[in-house]
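In this note's numbering, the protein residues as written are 635 to 989.
We put the beta carbon where it would ideally sit given N, CA and C, even for glycine.
Every value quoted in this text rests on a predicted model; they were computed, and no experiment measured them.
Shown next, in the form of structure tokens:
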């Protein structure tokens with residue numbers, strides 16, 4: 635059963651006759667379309683793909699015969715009603731439609747609109763072998779760039795922003811379609827900001843360097859974080875201690891993650907280790923998140939999440955400890971959740987490396 639058939643089956647079970655997909659990543663998941671503008675109407679056994687003339691040739695190549703292709707000439711909202719006959723209501727994705735768009739759609743379409751949350755995201759959560767392959771290829775690029783940083787970083791000669799830009803270039807050079815997200819490069823006390831932005835500040839010797847980055851390949855993302863020490867002096871005892879705690883927390887969570895656990899359970903595996911060492915208040919964010927067509931997607935491993943892991947998800951495991959005014963330590967790997975045991979997709983070393 636292909637992806638569109640699985641969606642149709644899920645809609646049929648809920649008695650839903652018409653569903654409009656507006657999230658472009660969801661449309662890619664269902665049809666293979668890699669462009670930036672499209673809508674997808676799923677109506678019983680009929681599926682209509684809407685795009686404009688910019689993507690007429692591309693849609694033939696990528697969407698093919700998966701569904702009917704309609705190239706809009708006068709505007710999507712003028713032409714969509716031609717396909718809505720027989721429907722008393724139309725369901726839509728509330729996550730990707732603004733209130734203004736909702737009001738416009740309601741006015742132009744002339745039938746009740748009802749939200750249907752998470753219908754496609756539920757299908758995306760579990761990854762196929764092809765998806766695992768694409769994620770692994772994206773991560774192989776990311777691993778290669780990490781090796782490049784270790785071999786080529788020159789403290790005193792480049793800024794955080796310089797290094798981030800160079801890492802982005804190296805990902806593209808190694809075959810990435812794009813970066814998966816904005817690369818994080820943070821040194822010294824700046825590394826205590828979990829989502830720090832690279833600054834025009836020179837990378838100095840004898841300091842912490844935190845890197846959080848990922849490549850996108852074939853539409854699929856990778857995501858990893860490593861914390862390094864820039865010598866020549868030895869890393870301070872405080873950093874060694876915190877690093878060991880974070881590494882133990884991550885190892886415990888990776889070894890324990892499995893189908894059937896709740897996301898809260900998995901988060902607790904790492905959080906309890908960090909709390910038992912006295913750093914619990916310094917680990918504020920969730921343990922991880924799913925990775926796929928989006929770099930942040932379901933499932934979310936958090937102390938706030940009760941969702942149950944089903945197997946074949948790809949999630950990050952990224953505990954961290956952040957000491958304001960001193961430094962931050964985070965270690966992040968992508969893990970394939972499997973019945974036979976987890977498999978770490980990330981290939982880069984995790985010991986505290988001194989450059």
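- Query: According to DSSP, which residues form a beta bridge with residue 655?
  - Reply: Along the chain shown, read from residue 1 onward, the residue named residue 655 stands at position 21. Per DSSP, the beta bridge partners of residue 655 are 674.
- From the DSSP output, which residues share a beta bridge with residue 846? Counted from its first residue, the chain shown places residue 846 at position 212. Paired residues: 818, 859.
- Task: Ignoring anything shorter than 3 residues or poking outside the stretch 935-967, list the beta strand (DSSP E) runs there in chain order.
- Result: Those beta strand (DSSP E) runs which fall completely within the stretch 935-967 and span 3+ residues are 948-951, 954-957, 961-964.
- Does DSSP put residue 748 in a helix, in a strand, or in coil? As a working note, residue 748 is residue 114 in the chain shown. When DSSP states are grouped into helix, strand and coil, residue 748 belongs to the strand group.
- Message: Using a 10 Å radius around the Cβ and a threshold of 16 neighbouring Cβ atoms, would you call residue 691 buried or exposed?
- Response: For the purposes of this step, residue 691 is taken as the residue at position 57 of the chain shown. Exposed.
- Query: Cα separation between residue 973 and residue 721?
  - Reply: Looking up residue 973 in the chain shown gives position 339. Looking up residue 721 in the chain shown gives position 87. Going by the C-alpha atoms only, they are around 42 Å apart.
- Message: Would residue 836 and residue 845 be called neighbours here (beta carbons separated by less than 8 Å)?
- Response: The residue you call residue 836 lines up with position 202 of the chain shown. The residue you call residue 845 lines up with position 211 of the chain shown. In this structure, residue 836 lies away from residue 845, with their beta-carbon atoms at least 8 Å apart.
- Comparing alpha-carbon positions, which option in 660, 707, 649 lies nearest residue 724? The residue you call residue 724 lines up with position 90 of the chain shown. Measuring C-alpha to C-alpha distances from residue 724 to each of 660, 707, 649 identifies 649 as the nearest.
- Query: Excluding five sequence neighbours on each side, which residues of the same chain lie with their C-beta closer than 8 Å to the C-beta of residue 933?
  - Reply: Within the chain shown, the letter at position 299 stands for residue 933. Here the set comprises 759, 897, 923, 924, 939, 941, 943, 947, 949.
- Item | Range of the contiguous beta strand (DSSP E) that encloses residue 724 | To locate residue 724, count along the chain shown from 1; it is residue 90. It spans 724-726 - the beta strand (DSSP E) in which residue 724 sits, taken as one unbroken run.
- Item | Where residue 937 falls, given that 16 or more other Cβ within 10 Å makes a residue buried | Reading the chain shown from its first residue, position 303 is the one you call residue 937. If you draw a 10 Å sphere on the C-beta of residue 937, you find fewer than 16 other C-beta atoms in it, and that means exposed.
- Item | Contact set for residue 850: own chain, Cβ-Cβ below 7 Å, skip 5 residues either direction | For the purposes of this step, residue 850 is taken as the residue at position 216 of the chain shown. The beta carbon of residue 850 sits closer than 7 Å to the beta carbons of 772, 810, 811, 812, 813, 814 from its chain, once the five residues preceding and following it are set aside; these are given in chain order.
- Query: Would residue 667 pass as a contact of residue 684 if the rule is Cβ separation under 8 Å?
  - Reply: Numbered from 1 along the chain shown, position 33 holds the residue referred to as residue 667. Numbered from 1 along the chain shown, position 50 holds the residue referred to as residue 684. Judged by their CB atoms, residue 667 and residue 684 are not nearer to each other than the 8 Å cut-off.
- Message: Only counting the same chain, and skipping five residues up and downstream in sequence, which positions put a Cβ closer than 7 Å to that of residue 736?
- Response: Indexing the chain shown from 1 puts residue 736 at position 102. Only 747 meet the Cβ criterion.
- Item | Enclosing beta strand (DSSP E) for residue 680 [first to last residue] | Counted from its first residue, the chain shown places residue 680 at position 46. Counting along the chain, the beta strand (DSSP E) containing residue 680 begins and ends at 680-685.
- Less than 8 Å separating the beta-carbons of residue 842 and residue 882? For the purposes of this step, residue 842 is identified with residue 208 of the chain shown, where counting begins at 1. For the purposes of this step, residue 882 is identified with residue 248 of the chain shown, where counting begins at 1. No, Cβ-Cβ distance for residue 842 and residue 882 is not below 8 Å.
- Message: What residue range does the beta strand (DSSP E) around residue 924 cover?
- Response: Locating residue 924 in the chain shown gives position 290, where the first residue counts as 1. Per DSSP, residue 924 is one residue of the beta strand (DSSP E) stretching across 922-924.
- Item | Cβ distance (whole Å) where residue 754 is taken to contact residue 794 below 8 Å | The count along the chain shown starts at 1 and reaches residue 754 at position 120. The count along the chain shown starts at 1 and reaches residue 794 at position 160. Wrong, their Cβ atoms sit about 37 Å apart, outside the cutoff.
- For residue 829, count neighbouring Cβ atoms within 10 angstroms of its own Cβ and tell me buried if that reaches 16, exposed if not. The residue you call residue 829 lines up with position 195 of the chain shown. Under this definition residue 829 is an exposed residue.
- Can the beta-carbon of residue 638 be found less than 8 Å from the beta-carbon of residue 681? Mapped onto the chain shown, residue 638 falls at position 4. Mapped onto the chain shown, residue 681 falls at position 47. A distance below 8 Å separates the beta carbons of residue 638 and residue 681.
- Is it the case that the Cβ atoms of residue 817 and residue 792 are separated by a distance below 8 Å? On the chain shown, position 183 is the one that residue 817 refers to. On the chain shown, position 158 is the one that residue 792 refers to. No, Cβ-Cβ distance for residue 817 and residue 792 is not below 8 Å.
- Item | Whole-angstrom distance between residue 953 and residue 864, CA atom to CA atom | The residue you call residue 864 lines up with position 230 of the chain shown. The residue you call residue 953 lines up with position 319 of the chain shown. Straight-line measurement puts the Cα of residue 953 at about 21 Å from the Cα of residue 864.
- Item | Boundaries (first-last residue) of the beta strand (DSSP E) holding residue 702 | As a working note, residue 702 is residue 68 in the chain shown. DSSP places residue 702 inside the beta strand (DSSP E), whose first and last residues are 702-705.
- Message: Which same chain residues end up closer than 6 Å to residue 798 when comparing Cβ atoms and leaving out the 5 residues on each side of it in sequence?
- Response: Here residue 798 corresponds to residue number 164 of the chain shown, with the count starting at 1. The beta carbon of residue 798 sits closer than 6 Å to those of 817, 819, 832, all from its chain and outside the five residues before and after it, given in chain order.
- Message: Assuming the contact rule is C-beta atoms closer than 8 Å, residue 852 and residue 768 should be a hit. Round their C-beta distance to whole Å, please.
- Response: For the purposes of this step, residue 852 is taken as the residue at position 218 of the chain shown. For the purposes of this step, residue 768 is taken as the residue at position 134 of the chain shown. Indeed they touch by this definition, with Cβ atoms about 4 Å apart.
- Reference residue 739, options 709, 778, 762, 752, closest by Cα: Locating residue 739 in the chain shown gives position 105, counting from the first residue. Taking each of 709, 778, 762, 752 in turn and checking the Cα distance to residue 739, the smallest one comes out for 709.
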